[in-house]
Amino acid sequence: MGVFHRALLLDLVASGATALLLIAGADLLAPAFALPADLLRTSGLVLLPFLLLLALVLRQSRPHTVIAWVIIEINVCWSLASYYLLLEGPFQPTTLGIAFVSIQATAVLGLALLQFIGWRRLGGDAGYASAAQRA
292 MGVFHRALLL
302 DLVASGATAL
312 LLIAGADLLA
322 PAFALPADLL
332 RTSGLVLLPF
342 LLLLALVLRQ
352 SRPHTVIAWV
362 IIEINVCWSL
372 ASYYLLLEGP
382 FQPTTLGIAF
392 VSIQATAVLG
402 LALLQFIGWR
412 RLGGDAGYAS
422 AAQRA
């Protein structure tokens, strides 16, 4: 199993744990984080289709270039949205809330970087340009 697939597997496990925590624990976490329970629960629910995508892609020895890039870009967007929530969002999270959001955003960005490195090692970056030209 190469770097790309290991990074996908790590993403699947971490995202699954995060989804479970946010869905099941939203009502307990909300006061501790000073973030709305609905925001936490919805964030966990949004991860479910992503988990399905990761599971499907992990079954392939070499996923389609566009799918690989979609996964990497979803992770980057998730991180940026998380940082935006802290910097410009309408909420004033507690120190614990800031720590949780910051740590998970940084971890997700790290996963995106590992996936990017792994994809390049598979020779995936050359195919992206040709796929973009066809689109």
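So for the sequence shown, my numbering puts the first residue at 292; every next one is plus one.
In this text, a Cβ means the ideal position worked out from N, Cα and C, and glycines have one as well.
- Task: Taking only the alpha-carbon atoms, compute the straight-line gap between Asp329 and Ile408 and give it to the nearest angstrom.
- Result: To locate residue 329, count along the sequence shown from 1; it is residue 38. To locate residue 408, count along the sequence shown from 1; it is residue 117. Asp329 and Ile408: Cα-Cα distance of roughly 35 angstroms.
- Message: On the DSSP letters alone, give me the boundaries of the alpha helix (DSSP H) that Gly401 sits inside.
- Response: By one-based count along the sequence shown, residue 401 stands at place 110. For Gly401, the uninterrupted alpha helix (DSSP H) segment begins and ends at Thr386 to Arg412.
- Item | Euclidean distance between Cα positions of Gly401 and Arg297 | As a working mapping, residue 401 is identified with position 110 in the sequence shown. As a working mapping, residue 297 is identified with position 6 in the sequence shown. Distance from the CA of Gly401 to the CA of Arg297, rounded to the nearest whole angstrom, comes to 13 angstroms.
- Task: Specify, as a first and last residue, the run of the alpha helix (DSSP H) that His500 falls within.
- Result: Because the chain is modelled from 292 through 426, residue 500 falls outside the range shown and cannot be assessed.
- Message: What residue range does the alpha helix (DSSP H) around Ser352 cover?
- Response: Start at 1 with the first residue of the sequence shown, and residue 352 comes out as number 61. Boundaries cannot be given for Ser352, as no alpha helix (DSSP H) includes it and DSSP labels it neither H nor E.
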